[in-house]
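Number of protein chains: 4
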Amino acid sequence: MSNKIINDPVHGFIRVKFDSVLRCINHVYFQRLRNIAQLGLTHMVYPGAVHSRFHHALGAFHLMQVAIEQLRVKGVTISEKEEEAACLAILLHDIGHGPFSHALEKSFFKKISHEQISIALMRAMNKEFNGDLELAIEIFTNKYPRKFFYQLIASQLDVDRLDYLKRDSFYSGVVEGNIAVDRILAMIDVVDNEIVVHEKGIMSVQHFLLSRNLMYWQVYLHKTVMSAEFMLIKFFERIYELIQKGENITSSNPRLNYFFQLAEEERSQLSPEIMAEFVKLDDSDVWTVLKDMQGASDEIIKSLSERILARQFYKVCFSEKLYNERITQFSNLDLSLSPYYHFSDTVTMVAYSAAQPIQIVTKSEGVLPYEEYIVKNAMIYSIENKTSKTFYYSL
Amino acid sequence: MSNKIINDPVHGFIRVKFDSVLRCINHVYFQRLRNIAQLGLTHMVYPGAVHSRFHHALGAFHLMQVAIEQLRVKGVTISEKEEEAACLAILLHDIGHGPFSHALEKSFFKKISHEQISIALMRAMNKEFNGDLELAIEIFTNKYPRKFFYQLIASQLDVDRLDYLKRDSFYSGVVEGNIAVDRILAMIDVVDNEIVVHEKGIMSVQHFLLSRNLMYWQVYLHKTVMSAEFMLIKFFERIYELIQKGENITSSNPRLNYFFQLAEEERSQLSPEIMAEFVKLDDSDVWTVLKDMQGASDEIIKSLSERILARQFYKVCFSEKLYNERITQFSNLDLSLSPYYHFSDTVTMVAYSAAQPIQIVTKSEGVLPYEEYIVKNAMIYSIENKTSKTFYYSL
Amino acid sequence: MSNKIINDPVHGFIRVKFDSVLRCINHVYFQRLRNIAQLGLTHMVYPGAVHSRFHHALGAFHLMQVAIEQLRVKGVTISEKEEEAACLAILLHDIGHGPFSHALEKSFFKKISHEQISIALMRAMNKEFNGDLELAIEIFTNKYPRKFFYQLIASQLDVDRLDYLKRDSFYSGVVEGNIAVDRILAMIDVVDNEIVVHEKGIMSVQHFLLSRNLMYWQVYLHKTVMSAEFMLIKFFERIYELIQKGENITSSNPRLNYFFQLAEEERSQLSPEIMAEFVKLDDSDVWTVLKDMQGASDEIIKSLSERILARQFYKVCFSEKLYNERITQFSNLDLSLSPYYHFSDTVTMVAYSAAQPIQIVTKSEGVLPYEEYIVKNAMIYSIENKTSKTFYYSL
Amino acid sequence: MSNKIINDPVHGFIRVKFDSVLRCINHVYFQRLRNIAQLGLTHMVYPGAVHSRFHHALGAFHLMQVAIEQLRVKGVTISEKEEEAACLAILLHDIGHGPFSHALEKSFFKKISHEQISIALMRAMNKEFNGDLELAIEIFTNKYPRKFFYQLIASQLDVDRLDYLKRDSFYSGVVEGNIAVDRILAMIDVVDNEIVVHEKGIMSVQHFLLSRNLMYWQVYLHKTVMSAEFMLIKFFERIYELIQKGENITSSNPRLNYFFQLAEEERSQLSPEIMAEFVKLDDSDVWTVLKDMQGASDEIIKSLSERILARQFYKVCFSEKLYNERITQFSNLDLSLSPYYHFSDTVTMVAYSAAQPIQIVTKSEGVLPYEEYIVKNAMIYSIENKTSKTFYYSL
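Chains as they are written, first to last, in the numbering used here: chain A, 848 to 1242; chain B, 848 to 1242; chain C, 848 to 1242; chain D, 848 to 1242.
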């Protein structure tokens, strides 16, 4: 048993008891996450939010240990092997993230999610570790029969969300996002192979959902953060576009140049060769290319890189009318380039989905979905399925 | 200038710059609040919640200073004299509370609220301090023309609520109640003599309302707390009842005996004599009487005091059916006494009242009431006016 | 298994897994601690420090669970029965405290410490619980062969100190006392039946010792706190003195009257009868007597009670010269009473005692006492055995 | 007035009231600090310690505002212009830091400190801003007659240290470093143009010194952090060495290549041209070069870059004997390269320097240096001038 202890300002001490977990932490694929910002360019608005995906993965792993301990206290039988596998699965759940996490998720691959890359990397590591990750992969891909393990990793109340909300709130300083992780985990149990929450924890669940919603609108979807990240996406788009057109665009960075040179169809598949290049990437590659491109001959590329580095982001408004008024100012711009200068985007936030409900276990009525429980008990906040909001961006 | 500094684990250091404020803090009326629990018997459930009303009054006073500083930053002109008066008014706003704060609010006086007593005491102190509290009383009674001062003391978003929510959350350990006081106060301004909140702070306001609701159901109206407090109320009721009937009930405590002997009509008026006795009371008087009464000959008084001290509170359920089943067990009890053994009570919680709305100041549309702003911006939580819940208590 | 969860703002959730522990918590002897301030009159200076000894006992019990878990991780075998007994022993270690904890420790009994009373009460409870506390008492009285259990309860680095430092820092708002409890407990182990600390934790131990020293001088021995508590002690002394002289001093409080009437020799023994009266006492009795005595005919008693309630404490200085100058002002006072009006007292604080050292386990040199380790490693703070300071109190 | 508010999880909200300060924050020189880790490679041990120098500079600026407010409360007259200049000076005090802050401070320039670069950059910005930074530079270079301003920026108790200790403690999760910034700043005053601390704050000063010492040994000089940073330094040394020898070493990174190609004498002066290149550098350049160099033909460069990225740092011990035993294993290594494979280094930590003492203002004896005050008052911790420790590093 490794018994290594890692300091975490968010959860206190993180104890790593399994050698296999320690081995994965020390793997270069995982170490790479140190240089990948958990929240992309959010630190442009919240300067404290510079924490890494490495740290989040450790935190989620820690909460998995806490959750399993709590379930055992309730009498749920969980073997050492299952515990180890669940820990490995959550530790590696985000290993497929590329530079700037979600912000650039669609800038490297087409139609391939970071979860798919995570699975591919877990399979590669499994081979390297002689099958030690077999059960972890089974859980992560929801093939393991005791499906509550999967729910702890990926559901509306999983340890991933519990960690990232608490962590992002901590580092950004947006105290309203500080959820009661300990209380929620003290209230979980397993009924019929599914995670349920005791009704005594109902208000903590409600608070968790509300805090998540608040963190989305106040932090993750903050208009300036969105503007920054869209400009970065546009920057990549422009480079790809010019290269498709045959222009000779190269940066000083060999790792990103490799991706720039890929044909579009190559970016829709996870070949071993591409994967081998992908795991070399981190935020530093993007930053250096942004710095290089300040001297680019293409006006768009030059302007976007300069602006991002100087923190001069596009203006954002929420009214189509104002936006249309504003963009008339730019009538002298090359029309073909206008999608780089002004554009809109609609964001949809699902506060709570009844499709795969959070289950509440009650004293008198057995298990009820969250939304039903709320109605039955005349609790005052109705949570609608989703809210959409259109952001209008312009120079 | 006094420049005294008081340590507060909730807000950090509280600076007392006005001599008049320091004089009021040192007054025996105010010192009395040290022995009055802010949350009555809540510590029976949340053992950390033993903080005093003295501390809350200091905290609210501190937040008044912060609020005034923030308003000045926004360009609102506030004179030293106004600042001092507003500070005095909030410091003394709760000085009329008796033992166990709200829990026993109706056990000493009939139809007289603690606010009325606060005003009476402020007037008495004003005389003693040669009129130094004149303006403070004007503000507190909402007679001062600049009514935003009154709103800082008593409205849906006043410094009273900001302090008690944050403080009660801190001491109870219910982290979900930890509101973003600093952010809210950074967002306030004055428009047309009224407190408004800049729309950038909308989510903090929402979070504040939700946290308040959560604190009510999870802490203030926690079923075990309610049961404890109702038993204490019943204990007082029974003593009064027997004394009305002419029975000779005395405790060892001269201060409470005085109140026990008052005729009911005397308890509906604030005579100077009664006031003079009232300001001698604090929690310790009630505790000692509870201890005395464990040996009472009256079965009800004896049982209630024993049970409260041994923490054996009445059972609470929320279903009339279950309650009716339960109380059939007590059919052998003296029927005339049953209201002491089982009873129900309906609690109504107003999450947000549109009658005196929180005002949001927007860039494009001027000032809007909170509820309108929420609808216009398709924000996802509808807040209904009120929720009611019936608690059924029984042996 | 009881599985009860108690909210604690200091440590988070406290889980009570043993039914026997829950039974002890619910016992009236333990519930009594709710009305005994952990820090006597300290809240007169630090208004937040109103936490109870009830809460501290729960916190220390929680840390015992954490400590035992950590020792098991290191491979120390601890049976369920031992764990339960250690938990019971720490839970009840302070059950013998009377009103205002240490402040009045010598005002009720002569030559009897609160530990002796704790043992007596534990024995009484053991009888009531049919011997369930047998092993707990064995540990508490250091008769159990595995002496590290005793060290966890009473040594220079026990869970009692770990809890009270962290808790007192939290409630007083003196952040410098916030020790790294989690880190220290993560570093303990057992060697040769004794608690040792791994050398990786050496700086946390140092920080703990320094914080403890700081808390003593800044909080526990704060001159105003000391003055307040001495006045309370003098108040009791005077009452006893007059009663010895045959004067008829009675308060309204039957529980304290009982003690006032005891002959001095009766107060040096723990008779069952006296014990039965002692467990009725809590802070509220003292407060009500203070209020009663404001009308006393004896000048000393009247003055002390009035001053304590109005927070007008004796002046404190640290210079004999200034003190002597000051007391010449009181030459008109009745000389025989002067020890009530001005007096001095020397306090000695042992920062670290080499007599029963904290043991450090090193990689290369086995176990070393803390003071030796510090010297060997040229660490920069020498900690002398003790510091003494004389406080001069006067009207 | 700008009135911008920035979220800071450490201090709460940071208000930027001066337009000039906002202009400096928005300057590319200052924005560059976003990508410069405050603590170099410390996050390799404490994964949370990823905060930027940008954030520290904002925090120190905030504390300057607090300090000035506190001094005004004490009656010290400070003009708006002085306040603005002091704010600008502290905001920009670290603007001369290069990649990885202190870790690589000597890898880019010879005999030029980051403070000198800060001054040079401030002068450049001053020109750009038409002299707006004149007074700030005067204060920063200690030419302003009211020297307490300089002491707030650079002394043993300056806002720089107050911010970094609190911030580094917060982000690393080493709670023992959490100093009482608010209390210390509440205790400062100005006597004879110098910053003094009221004696009531003596224990907070002591705690601050002890915490600083603890942070040095536990965090800044943690053996693994030191090993990581030395390897990075050696990596740069080797590149310079080979280039001096005429070997063709280039990375993909044009910004670092520029520095690699400089002659040694060029690196001892701050020419405008070199400065113009320096301000392009940040951590991302170093990371990308490390990645490039994993394929280097030189064994040393290849090995160091691979090891740093895979987190395989040199072993550290503190005993020369063990070290000598260990390095005999490497006898087969090329002798000329051995300084890259094993080496030692002595670190000296000055806990407190009496040369420029912290001044304590007392009631009875005027101003005393800290060390004298401690002795006079028999306070128990002697603080020696310095401790040295030799670290031995090897493969």
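Yeah, the Cβ is synthetic: ideal placement off N, Cα and C, and Gly gets one too.
Item: Per-residue burial, C/L1182 [other beta carbons within 10 Å of its own, 16 or more giving buried]; Value: exposed
Item: Beta-carbon proximity check, D/F1160 vs D/T1071, cutoff 9 Å; Value: yes
Item: Where B/V1197 sits in the DSSP three-state scheme; Value: strand
Item: Beta-carbon neighbours of D/S1019, restricted to chain A and to distances below 8 Å; Value: N854 and P856
Item: CA-to-CA distance, A/M1073 to C/V913, given in whole angstroms; Value: 44 Å
Item: Sheet register partners of D/E1041 (DSSP bridge); Value: D/V1038
Item: is_contact[A/N977, chain D] using C-beta, thresh 9 Å; Value: no
Item: Residues that C/G1213 contacts on chain A, provided the C-beta gap is smaller than 8 Å; Value: Here the premise fails: no neighbours, minimum Cβ distance about 20 Å.
Item: Contact set between C/A1033 and chain F, taken where Cβ atoms lie within less than 7 Å; Value: Structure shown: chain F not included; protein chains present are A, B, C and D.
Item: 9 Å Cβ cutoff, B/H1054 in contact with chain A; Value: yes
Item: Closer than 9 Å at the beta carbon, the chain C residues around A/R1030; Value: I852, N854, G859 and F860
Item: Contacts of B/L1004 in chain A (Cβ-Cβ under 9 Å); Value: Correct list: empty, because the minimum Cβ distance to chain A is about 15 Å.
Item: Chain D residues whose Cβ lies nearer than 7 Å to that of C/N1025; Value: V1022 and N1025
Item: Residue environment, C/A1322, which counts as buried when at least 16 other CB atoms sit within 10 Å; Value: Residue 1322 of chain C is absent from the structure shown; chain C starts at 848 and stops at 1242.
Item: Local Cβ density within 10 Å of A/P856, reported as buried at 16 or more and exposed below that; Value: buried
Item: Segment contact flag, the stretch 1000 to 1007 of chain D with the stretch 882 to 889 of chain D, C-beta cutoff 8 Å, min 3 pairs; Value: no
Item: Neighbouring residues, chain C, relative to B/Y893 (Cβ below 7 Å); Value: N854
Item: Residue from A/F1017, A/G945 and A/R1030 with nearest C-alpha to B/V1022; Value: A/R1030
Item: Burial state of D/D1039 (16 or more Cβ within 10 Å); Value: exposed
Item: Cross-strand partners of B/R1059 (DSSP beta bridge); Value: Bridge partners of B/R1059: none, in fact.
Item: Identity of the residue in B/C934, B/V1197, B/P1186 and B/L1061 nearest B/L1151 by Cα; Value: B/P1186
Item: Contact the stretch 859 to 872 of chain B vs the stretch 1103 to 1121 of chain B: 3+ CB pairs below 8 Å; Value: no
Item: Residue burial classification, C/K921 (beta-carbon count within 10 angstroms, cutoff 16); Value: exposed
Item: Coil, strand or helix - A/A950 by DSSP; Value: helix
Item: Simplified DSSP state of B/F860, which is helix, strand or coil; Value: strand
Item: Member of C/A983, C/E1084 and C/R919 whose CA lies at the smallest distance from the CA of C/A1033; Value: C/R919
Item: Three-state class that DSSP yields for D/F956 in the structure shown; Value: coil
Item: For B/P1119: DSSP bridge partner residues; Value: None; B/P1119 has no bridge partner.
Item: Beta strand (DSSP E) runs wholly inside the stretch 1093 to 1143 of chain D, at least 3 long, in chain order; Value: none
Item: Where the stretch 908 to 933 of chain D meets chain B: residues whose CB sits under 7 Å from a CB there; Value: V920
Item: First and last residue of the uninterrupted beta strand (DSSP E) at A/D855; Value: K851 to D855
Item: Chain D contact for C/W1134 (CB, 9 Å cutoff); Value: no
Item: Rounded straight-line distance, which links the Cα of B/P1101 to that of B/A1123; Value: 13 Å
Item: Contact between the stretch 960 to 978 of chain D and the stretch 931 to 944 of chain D (3+ Cβ pairs under 8 Å); Value: yes
Item: The stretch 1129 to 1149 of chain A contacting the stretch 1129 to 1145 of chain D, beta-carbon criterion three pairs below 8 Å; Value: yes
Item: Which of helix, strand or coil DSSP assigns to B/A884; Value: strand
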